[in-house]
Amino acid sequence: MSPTLTGRRAAVAALSAALLVPVLAACGGEDEKTDAAASPSSAASASGGAEAANLTVLAASSLTDVFKTAGAAYEKAHPGTKVTFSFAGSQELAAQVKQGAPADALVTADTKTMDGLRTEVNDPTVIAKNRLVIATAKGNPFKVDELKDLADSKIKVVLAAPEVPVGRYGKQILDAQKIEVKPVSQEPNVRAVLSKVELGEADAGLVYKTDSAKSGDKVVTVDIPDAQNAVASYPAATLKQSKNTEAAAAFVAWLSTLEAQKILADAGFQKP
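Just so it is clear: in the sequence shown, position 147 is 146 by numbering that gives the first Met the number 0, and no numbers are missing.
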């Protein structure tokens with residue numbers, strides 16, 4: 000074989016190799032991008048666009064049952080995210096927030112409490128509403144039919160403290176009807192009021208409709224006409240001190256979705 004032919008073949012081989020290098024590099028780059036996008040280490044993809052995290056949500060006592068259901072649904076739809084709830088009266092939750100409690104989001108049973116935390120929370124969104132009812136002891140022995148019956152001194156009435164949203168709503172509707180009630184006790188949250196009635200320690204109390212419904216036949220529920228009732232609004236907001244900003248915002252936003260709203264509606268809450 001002539002030296003000229005050998006030289007030409009060597010040159011062709013060298014040119015082909017040179018052209019192949021960038022192609023392989025490009026292919027390798029695409030594979031790396033694909034692997035990176037599909038990697039389970041991507042927190043955003045694992046939680047539907049929000050960073051996966053362990054969230055702590057402070058929530059009003061009246062949300063205890065429904066939020067347990069909502070939390071399970073959210074975790075199922077957002078793998079990698081864990082939602083832990085802390086339930087208490089809204090006024091107690093507000094105190095925790097002001098003291099710097101390590102939490103990510105807050106849901107209260109009234110807008111007044113949330114408004115008092117403007118420097119601690121981001122813009123709130125009302126996610127549900129509720130109404131009050133009269134819960135009476137099993138069998139309704141005193142035949143309580145309306146609000147004015149609670150003024151009967153023979154009836155042991157228990158109310159929530161006026162600092163608590165349900166207590167404030169109760170005082171509001173009683174004052175509007177000029178009904179004077181002397182409660183045998185004032186409780187720190189709606190669950191405590193309901194418990195007193197369920198255990199027979201009180202004959203009647205003002206509670207949220209959703210809480211009374213959960214008691215089944217332990218109490219008798221007496222509806223209050225809309226014209227005499229109060230509407231409780233539940234605002235939700237992320238905390239400015241949260242270390243899981245994106246994940247907390249995603250959860251609060253989810254509470255307004257069709258899935259979450261159905262869960263709330265099934266529990267007896269009204270649309271915001």
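Glycine is no exception: its CB is placed at the ideal position from the N, C-alpha and C atoms.
V143 by DSSP, collapsed to three states: which one?
In the structure shown, V143 sits in coil (DSSP, three-state: anything other than H, G, I, E or B).
Apart from the five residues just before and just after T55, which ones in its own chain have a Cβ nearer than 6 Å to its Cβ?
The beta carbon of T55 is closer than 6 Å to those of T83, A102 and D103 in its chain, skipping five residues each way along the sequence.
Cβ neighbour criterion (16 or more within 10 Å) applied to A249:
The residue in question, A249, is buried, as its Cβ has 16 or more Cβ neighbours within 10 Å.
Can you look up F268 in the DSSP assignment and give me helix, strand or coil?
Note: F268 maps to coil in three-state DSSP.
Quick check: what's the CA-CA separation for A212 versus K181?
Rounded to the nearest whole angstrom, the C-alpha separation of A212 and K181 is 25 Å.
Cβ shell of K147 (< 8 Å), same chain only, five flanking positions each side left out:
For K147, where only same-chain residues beyond five positions count, the Cβ hits under 8 Å are Q176 and I178.
Tell me whether the beta-carbon of V156 lies closer than 8 Å to the beta-carbon of V183.
Yes, these two residues count as a Cβ contact at 8 Å.
Using only CA atoms, which one of G199, I172 and V163 lies nearest to N188?
Ranking the options by Cα distance to N188, first place goes to V163.
What is the rounded straight-line gap between the Cα of D225 and the Cα of D144?
Approximately 15 Å, taken between the alpha carbons.
Can you tell me which of the three DSSP states T83 falls into?
Here T83 carries a strand assignment [DSSP, helix/strand/coil].
Consult DSSP for T256 and reduce its assignment to one of helix, strand or coil.
Reduced to three states, the DSSP call for T256 is coil.
Consider the C-beta atom of V196 and the heavy atoms of the ligand FMN; say whether any pair is separated by less than 7 Å.
The ligand FMN is absent from the structure shown, which contains no ligand whatsoever.
What does the alpha-carbon distance come out to for the pair K261 and Y73?
Rounded to whole angstroms, K261 and Y73 show a C-alpha spacing of 13 Å.
May I ask you to verify whether the segment 109-116 touches the segment 190-200, counting CB pairs closer than 8 Å and requiring at least 3?
No, because fewer than three Cβ pairs between the segment 109-116 and the segment 190-200 fall closer than 8 Å, the two stretches do not touch.
Just to confirm the assignment: which complete beta strand (DSSP E) runs, minimum length 3, are found wholly within the segment 84-129?
Counting only runs that start and end inside the segment 84-129, the beta strand (DSSP E) elements of at least 3 residues fall at 104-106.
Name the DSSP beta bridge partners of A159, please?
In DSSP, A159 forms a bridge with E186.
Decide if D216 is buried, meaning its Cβ has at least 16 other Cβ atoms within 10 Å, or exposed.
By the 16-neighbour rule on beta-carbons within 10 angstroms, D216 is exposed.
State buried or exposed for L257, treating a residue as buried only when at least 16 other CB atoms are found within 10 Å of its CB.
Taking all protein chains shown into account, L257 has fewer than 16 neighbouring C-beta atoms within 10 Å of its C-beta and is therefore exposed.
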